[in-house]
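Input: a single structure, listed below in structure tokens.
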Amino acid sequence: MMEWLFLLLPVAAASGWWLARRGPRHTCAESEREPVFFRGLNYLLNEQPDKAIDVFLKLAEVDSETVETHLALGALFRRRGEVDRAIRIHQNLVARQSLGDAQRGFALYELGRDYMLAGLFDRAESLFKELVERQLLQARALRALIEIYQAEKEWPRCLETAEALQRISDEPLRTEIAQYHCELAEQCLRDGKADRARSHLLDAQSVDPDCIRASLVQARMELRAGDVETAALLYRRVAQRGPRYLPAMLPGLMECWQRLGRESVTAELRALFEQHPSPPLMLRLCDAIEAERGVAAAREFLVRYLSGHADLSGAERLLALRRRVQQPPSAEDEVLLEVIARQLAAQPGYQCDHCGFEARELHWQCPSCKRWGSIKTVEPEPIAAAAVLRQRQIA
Ligand SMILES: [Zn+2]
Numbered sequence: 003m004m005e006w007l008f009l010l011l012p013v014a015a016a017s018g019w020w021l022a023r024r025g026p027r028h029t030c031a032e033s034e035r036e037p038v039f040f041r042g043l044n045y046l047l048n049e050q051p052d053k054a055i056d057v058f059l060k061l062a063e064v065d066s067e068t069v070e071t072h073l074a075l076g077a078l079f080r081r082r083g084e085v086d087r088a089i090r091i092h093q094n095l096v097a098r099q100s101l102g103d104a105q106r107g108f109a110l111y112e113l114g115r116d117y118m119l120a121g122l123f124d125r126a127e128s129l130f131k132e133l134v135e136r137q138l139l140q141a142r143a144l145r146a147l148i149e150i151y152q153a154e155k156e157w158p159r160c161l162e163t164a165e166a167l168q169r170i171s172d173e174p175l176r177t178e179i180a181q182y183h184c185e186l187a188e189q190c191l192r193d194g195k196a197d198r199a200r201s202h203l204l205d206a207q208s209v210d211p212d213c214i215r216a217s218l219v220q221a222r223m224e225l226r227a228g229d230v231e232t233a234a235l236l237y238r239r240v241a242q243r244g245p246r247y248l249p250a251m252l253p254g255l256m257e258c259w260q261r262l263g264r265e266s267v268t269a270e271l272r273a274l275f276e277q278h279p280s281p282p283l284m285l286r287l288c289d290a291i292e293a294e295r296g297v298a299a300a301r302e303f304l305v306r307y308l309s310g311h312a313d314l315s316g317a318e319r320l321l322a323l324r325r326r327v328q329q330p331p332s333a334e335d336e337v338l339l340e341v342i343a344r345q346l347a348a349q350p351g352y353q354c355d356h357c358g359f360e361a362r363e364l365h366w367q368c369p370s371c372k373r374w375g376s377i378k379t380v381e382p383e384p385i386a387a388a389a390v391l392r393q394r395q396i397a
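Residue numbers for the sequence shown follow my numbering, beginning at 3 and rising by one.
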């Protein structure tokens with residue numbers, strides 16, 4: 003019951019509007035309809051939605067001015083996930099010849115959203131296309147079409163629809179358009195069409211010069227084609243512009259350094275780490291220090307790092323290094339390592355900056371809020387120098 007009371011707010015608003023419209027110019031016939039309207043509301047409050055729908059649909063038959071009420075009611079059913087009921091209401095509205103263009107536009111749009119929720123993408127697509135052709139709610143219809151094409155991974159259609167939307171609205175869509183080009187580039191690479199892929203990547207970078215993904219895909223292409231210098235340059239650019247994408251580019255960059263025969267990978271990693279002290283870089287640098295100067299130097303590096311970063315992966319590595327040199331191994335370290343390993347396994351690694359969705363791998367489009375480029379690595383919390391000092395004093 004309480005849920006209905008909250009959900010009925012839009013209907014209540016619409017009914018207020020409905021009554022206000024009738025206030026000063028009541029006729030006998032109209033005043034007779036008011037009890038019918040409230041009978042419908044009563045059915046809703048008594049959890050009898052089908053009876054309520056019957057009453058409201060009959061009301062629409064006698065008075066087309068209740069369209070807004072029906073739109074509100076349909077949207078309410080859809081929000082509750084009762085898509086069949088929403089479709090019934092909206093289909094009934096669309097069938098009315100008496101609707102004006104604006105009202106028909108809203109009814110068609112809402113019916114399209116119902117079809118989308120029901121997974122009937124073909125029907126939804128044709129309704130939204132009809133709206134675009136008839137220049138009714140064009141921007142909304144184009145946005146809905148983009149949602150459909152994204153769900154179906156129809157990237158060429160996403161691209162042309164986003165460009166059409168950009169032409170008729172002020173909506174900045176450079177991020178989305180660049181990502182569609184990247185999707186198309188990756189598709190071309192899978193099909194062995196390197197030239198087409200390169201052209202899409204250039205388009206992505208010209209639409210959105212900050213597009214990290216375009217640089218990453220291009221770097222991978224150049225590395226495969228043997229242009230290691232260019233690949234290394236592109237990976238470095240990614241590190242500069244998007245340090246939170248380091249896990250995605252670090253293996254490629256390391257391969258570039260090895261193939262270029264860089265004298266000291268440790269020095270290269272250290273230079274990068276000083277700019278972006280992130281966990282994946284810390285672990286690689288720790289490996290390199292250990293290989294070059296031994297376990298003691300690696301442990302010293304980790305202690306310095308952990309005094310500034312609350313990073314479990316660093317703590318795990320420090321314990322693992324200590325266990326390696328301790329004979330016999332400490333039972334305490336074994337337990338701690340087990341606890342930390344479990345904690346690390348439960349950590350998502352990636353998170354959406356927009357909606358907070360957590361993921362174990364990098365998604366270019368957030369599966370939850372559908373934003374592009376919003377999922378990034380989770381960075382460890384920095385430890386304030388003062389707090390470290392205080393802890394040392396206490397110790
Ligand atoms: Zn999100």
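Here a beta-carbon is modelled for each residue, glycine too, at the ideal position from N, C-alpha and C.
Cα-Cα separation, residue i to residue j
i    : j    : result
S17  : A54  : Here the model assigns S17 a pLDDT of 49, short of 50, so the residue's position is not dependable, and the following value carries that caveat. Taking the straight line joining both Cα atoms gives about 14 Å.
R261 : V230 : 7 Å
T71  : L133 : 21 Å
L235 : S171 : 37 Å
L364 : E224 : 22 Å
A269 : E276 : 11 Å
L167 : C288 : 49 Å
R286 : R125 : 52 Å
P331 : R325 : 6 Å
E257 : L144 : 43 Å
L339 : K155 : 42 Å
V69  : R136 : 20 Å
R82  : R98  : 25 Å
A298 : L320 : 10 Å
K372 : A180 : 15 Å
H28  : R115 : Reliability of the predicted coordinates at H28 is poor, the pLDDT of 44 falling under 50, and the value obtained from them is presented with this limitation in mind. The alpha-carbon atoms of H28 and R115 are separated by roughly 35 Å.
S100 : G121 : 29 Å
K378 : L203 : 21 Å
R239 : G228 : 18 Å
V267 : A206 : 32 Å
R295 : Q328 : 18 Å
E360 : L73  : 35 Å
G102 : L138 : 11 Å
I264 : Q189 : Note that residue 264 is Arg in the sequence shown here, rather than Ile. Straight-line Cα distance between these residues: approximately 33 Å.
T232 : Q242 : 15 Å
I91  : A146 : 20 Å
L346 : W366 : 23 Å
G244 : Y237 : 10 Å
Y307 : A343 : 19 Å
Cross-strand partners of residue i (DSSP beta bridge)
i    : result
E383 : A312
W374 : Q367
Y352 : A361, T379
Contacting residues, own chain, Cβ-Cβ under 8 Å from residue i (five flanking each side not counted)
i    : result
P51  : Y45, F79, E84, R87
R362 : P350, G351, Y352
F303 : L287, C288, I291
Q2   : This structure leaves residue 2 out entirely; the chain is present only between 3 and 397.
R2   : In the structure as shown, the chain starts at 3 and stops at 397, and residue 2 therefore has no counterpart that could be examined.
V341 : none
V96  : R106, A109, L110, L113
L191 : A199, V219, M223
E336 : R325
Chain-order list of residues whose beta-carbon lies under 7 Å from that of residue i (same chain, five-residue window excluded)
i    : result
Q93  : L113
C160 : I148, Y151, Q152, Y182
R142 : Y111
A300 : C288, I291, E292, L323
R272 : L287
P253 : none
Own chain residues within Cβ distance below 6 Å of residue i, not counting five before or after
i    : result
S376 : C354, D355, H356, C368
G42  : A54, V57, F58
M118 : A126
V209 : R176, I179, A180
E259 : Note that residue 259 is Trp in the sequence shown, not Glu. For W259, where only same-chain residues beyond five positions count, the Cβ hits under 6 Å are V267, E270.
F123 : I150
G76  : A88, I91, H92, E112
V305 : none
Review point. Is the segment 171-179 touching the segment 203-220 in the sense that three or more CB pairs, one from each, lie closer than 8 Å?
Key: Yes, the segment 203-220 touches the segment 171-179.
Check your understanding: Around ligand 1, which residues pass a check of Cβ closer than 6 Å to any of its heavy atoms?
Key -> The filter returns C354, H356, C357, F359, C368, S370, C371, R373, S376, in chain order.
Review point. Should the segment 233-249 be regarded as contacting the segment 267-280, the criterion being three or more beta carbon pairs within less than 8 Å?
Key: By the criterion of at least three beta-carbon pairs nearer than 8 Å, the segment 233-249 is in contact with the segment 267-280.
Check your understanding: Contact between the segment 219-237 and the segment 184-196: three or more CB pairs below 8 Å?
Key -> Yes, they touch.
Point to revise | Segment contact flag, the segment 127-138 with the segment 107-117, C-beta cutoff 8 Å, min 3 pairs | key: Yes, the segment 127-138 touches the segment 107-117.
**Study point:** Touching by the beta-carbon criterion (3+ pairs, under 8 Å), the segment 304-320 and the segment 366-385
**Key:** The segment 304-320 is in contact with the segment 366-385.
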